[in-house]
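Chains as they are written, first to last, in UniProt numbering: chain A, 1 to 136; chain B, 1 to 136; chain C, 1 to 136; chain D, 1 to 136; chain E, 1 to 136; chain F, 1 to 136. Built from N, CA and C at the ideal position, the CB exists for glycine as well. One structure is given here, and the rest of the page talks about it.
Pasting the structure below:
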């Protein structure tokens with residue numbers, strides 16, 4: 001285990017104008033005075049940083065789903081994929097948006113069960129029931 | 001592509017008493033008169049069938065999270081794992097519980113983005129920020 | 001196996017103006033007169049469609065890496081994740097960009113081997129060598 | 001997090017003749033005077049060590065694809081699978097073969113996007129277009 | 001890398017009656033005087049803890065398959081998914097049940113190969129041979 | 001869903017000498033008079049075909065583990081990865097080597113449970129217990 005990032009963290013002071021503008025928008029949108037390390041490694045490709053942040057801001061905001069529900073979906077995917085950084089960061093975000101410990105544990109019970117039954121279905125290959133076929 | 005299940009479907013008529021009791025409970029709980037194929041393949045191991053159904057009934061019911069949110073989490077995991085049967089069955093269940101097309105598409109936007117950023121973090125290995133460390 | 005899409009395909013004739021503008025841009029960029037089904041399901045969320053297409057156009061174009069190399073990376077990821085649609089579509093794209101059968105088979109030999117050694121490392125947990133630690 | 005390997009590292013001095021012959025070939029092929037830890041854990045099964053190394057040497061060498069492209073494909077698969085050791089080792093190898101930071105970031109943009117669209121396709125199940133069907 | 005659990009470990013002294021009863025059963029079944037950390041995090045949801053332990057006890061015991069074979073299957077899945085905690089804990093359990101180093105290495109050779117050929121098949125899409133179709 | 005292989009099947013009659021020699025060895029080793037489709041697509045790269053077959057023959061034969069146990073491990077990995085072809089082919093192989101339905105179902109109960117607890121551990125991040133640390 002190394003613990004060192006693959007590329008150095010780009011701090012605000014070292015950043016070019018494009019990166020600083022994204023950093024500023026992140027802090028303003030989140031009403032914080034710091035930037036988390038994920039963005040500081042993405043900043044090596046300013047276009048990737050900008051695109052990823054702008055998409056995240058658009059996707060995770062209020063819409064047909066509640067922002068807290070979206071954070072929980074993020075945890076579900078991150079746990080399924082085993083992404084350590086994402087598990088810590090999105091659990092922290094969900095808690096900041098009000099997720100209770102009971103909600104976290106219940107979420108994980110669903111995630112665990114889905115991962116289990118996904119493999120039972122993959123291994124036994126039941127045909128899709130006609131009742132489940134999409135209309136249209 | 002075969003399309004045939006790995007083990008034959010066990011229909012109600014052929015089922016033993018343990019399996020029939022589970023099938024009856026499934027239909028009663030869901031207020032339906034049919035059993036979907038997932039349970040008909042699991043029925044080859046009545047203990048597995050009973051345990052899986054009873055856990056699902058407990059996990060997916062009302063609790064700290066809304067049942068519809070749970071179905072959407074199931075879709076998120078199933079899409080991440082690429083389970084075809086599970087995608088069809090849980091999308092159908094979520095729709096039956098009221099999921100709109102706008103909610104489905106927004107859910108998938110989050111799932112897609114989480115799968116993307118999980119890999120950016122896995123590849124670039126940013127250290128977990130101290131601000132994200134769990135308290136306690 | 002159902003074979004039916006989860007949401008109906010949105011054909012050009014039925015599409016709204018935002019969707020049509022994206023479809024037009026896809027056909028113009030690719031110099032084709034048809035739209036593949038992936039976009040026709042995404043079109044249920046015009047903002048997701050537009051964002052995904054614009055990102056794809058930007059990411060997959062000429063840059064520090066050759067477009068054919070990028071298509072081969074897409075195949076590598078899609079095979080690792082088991083995405084059927086993506087395997088067919090990106091293999092077709094890579095062939096259209098000149099990938100030979102020898103290149104495809106050699107690519108897959110690397111993908112197979114990486115998937116193998118990833119699990120040997122995951123299971124045996126060798127410490128990261130200091131020589132592999134990123135500088136900076 | 002343990003950090004200890006599951007089996008002890010087998011150093012050159014402790015190794016049997018089969019293992020030493022592989023270690024010698026690794027150092028000669030790579031023109032280095034050290035062996036990385038992956039091989040030192042595999043050495044517990046000399047046949048597995050020998051086979052894995054000989055396959056790697058054959059697969060990753062010059063062929064229809066450039067060795068640097070192959071290292072980048074290795075990174076793509078390792079990031080998708082979340083293999084920490086493999087990410088560090090193959091990023092280091094790719095850099096040693098000349099990968100620039102711009103190439104790394106562009107590679108990861110493709111990897112991220114492929115992981116995203118793989119799940120959009122898995123969740124929405126568009127049928128494979130006839131235009132994408134392989135000939136022959 | 002944080003190293004801190006997402007929720008605090010619930011030690012025996014702090015545990016409620018439901019949790020203590022599970023902890024007692026774990027120690028009695030395993031003939032040990034300690035509880036491993038997996039259960040101490042699950043204990044935040046006593047129902048999830050109880051259900052998971054009871055299922056594990058039932059599934060991993062003597063049956064149509066030998067308990068050691070089951071531990072090796074657990075290692076195979078955990079290595080495939082890249083679960084660090086599970087790799088350490090189930091390798092330790094398998095060793096406690098008599099797994100030799102030769103068996104571990106041979107197991108991993110199979111796991112590596114299966115992960116490799118899974119992707120070759122996913123990428124090349126050979127049709128399922130009629131000879132492999134399940135009867136019934 | 002296409003159903004067509006990405007590259008045409010190479011039948012014995014069309015095969016070159018290297019491929020025929022492998023096909024002959026497969027039929028002789030397995031005491032069958034047919035070749036399954038997996039090898040017929042790999043045959044587009046005779047070196048990959050030869051290497052994969054020879055490794056499989058070596059890895060899956062009698063050793064420290066029983067060949068039937070190895071087939072079951074193959075099923076466990078294939079179900080976890082969702083590889084359809086591999087699920088059908090290795091379930092057929094395991095049955096040909098004597099796997100009973102009770103063994104199959106019990107295997108899958110373990111696979112399902114491992115996939116579940118892998119995600120609970122990934123999401124809750126319990127530290128690895130010192131008792132589980134490898135000696136040496």
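Exercise for the section: State the Cα-Cα distance for the pair residue 39(A) and residue 135(A), rounded to the nearest angstrom. Expected result: 42 Å
Handout entry: Spatial neighbours of residue 80(B) in its chain, beta-carbon cut-off 7 Å, leaving aside the 5 residues before and after
Key = 111 and 115
Handout entry: CA nearest to the CA of residue 62(A), picked from 66(B), 102(B) and 133(B)
Key = 102(B)
Exercise for the section: Show which residues of chain F have a CB atom less than 7 Å away from the CB atom of residue 116(A). Expected result: 112, 113, 115 and 116
Practice task
Report the three-state DSSP secondary structure of residue 64(A) (helix, strand or coil).
Solution key: coil
Exercise for the section: Provide the residue span of the alpha helix (DSSP H) that contains residue 101(A), from first to last. Expected result: 101-124
Problem - Proximity test, Cβ basis, 8 Å: residue 1(F) and chain A - result: Low confidence applies to residue 1(F): its pLDDT is 44, below 50, so where it sits in the model is not reliable enough to give any reading.
Practice task
Alpha carbon to alpha carbon, how far is residue 68(E) from residue 99(E)? Give it in angstroms, no decimals.
Solution key: 7 Å
Problem - chain D contact residues for residue 49(C), given Cβ-Cβ distances below 7 Å - result: Residues of chain D passing the Cβ test: none, with the nearest at roughly 10 Å.
Practice task
Counting only the same chain and skipping the five closest in sequence on each side, list residues whose C-beta sits under 7 Å from that of residue 16(A).
Solution key: 46
Problem - Exposure label - residue 119(F); buried when at least 16 CB within 10 Å - result: buried
Problem - Minimum Cβ-Cβ distance from residue 6(A) to chain D less than 8 Å - result: yes
Problem - Closest by C-alpha distance to residue 58(B), when choosing among 57(E), 56(E) and 51(E) - result: 51(E)
Practice task
Could you check if residue 105(F) is buried or exposed, using at least 16 other CB atoms within 10 Å of its CB as the buried criterion?
Solution key: buried
Practice task
Could you spell out the range, first to last residue, of the alpha helix (DSSP H) harbouring residue 86(F)?
Solution key: 84-96
Exercise for the section: Report all residues from its chain with a CB closer than 6 Å to the CB of residue 74(F); omit the five preceding and five following residues, and keep chain order. Expected result: 90
Exercise for the section: At 7 Å on the CB atoms, spell out the chain C contacts of residue 105(B), in chain order. Expected result: 44, 45 and 48
Problem - As assigned by DSSP and simplified to three states, the class of residue 32(F) - result: coil
Practice task
List the residues of chain B that residue 82(F) touches, going by C-beta distances under 9 Å, in chain order.
Solution key: 81, 82, 83 and 84
Exercise for the section: With a cut-off of 8 Å on the beta carbons, I'd call residue 56(C) and residue 19(C) a contact; round off their distance for me. Expected result: Contact doesn't hold; Cβ gap of about 16 Å is too wide.
Handout entry: Contact set for residue 97(E): own chain, Cβ-Cβ below 7 Å, skip 5 residues either direction
Key = 67, 68 and 71
Handout entry: residue 50(A) in three-state terms, based on DSSP
Key = helix
Practice task
Tell me whether residue 87(F) is buried or exposed, calling it buried when 16 or more other Cβ atoms sit within 10 Å of its Cβ.
Solution key: buried
Handout entry: Contact belief for residue 124(F) with residue 7(E) at Cβ below 8 Å, rounded distance in angstroms
Key = 6 Å
Practice task
Report buried or exposed for residue 130(E), applying the criterion of at least 16 other Cβ atoms within 10 angstroms of its Cβ.
Solution key: exposed
Handout entry: Closest by C-alpha distance to residue 83(C), when choosing among 77(D), 53(D), 117(D) and 14(D)
Key = 117(D)
Handout entry: For residue 42(D), the first and last residue of its enclosing alpha helix (DSSP H)
Key = 37-42
Problem - Within 8 Å, strictly: CB atoms of residue 41(D) and residue 5(C) - result: no
Problem - Local Cβ density within 10 Å of residue 21(B), reported as buried at 16 or more and exposed below that - result: exposed
Exercise for the section: Could you tell me if residue 60(F) is buried or exposed, where buried requires 16 or more neighbouring beta carbons within 10 angstroms of its beta carbon? Expected result: buried
Handout entry: Check whether residue 121(D) and residue 12(C) have beta carbons under 8 Å apart
Key = no
Practice task
With a threshold of 7 Å, establish whether the CB of residue 65(D) neighbours any heavy atom of the ligand SAM.
Solution key: The ligand SAM is not among the ligands present in this structure, which contains no ligands whatsoever.
Exercise for the section: Determine the burial state of residue 14(C): buried for a count of at least 16 other Cβ atoms within 10 Å of its Cβ, exposed for fewer. Expected result: exposed
Problem - Same chain, Cβ closer than 6 Å to residue 10(A), neighbours up to 5 away in sequence not counted - result: 40 and 43
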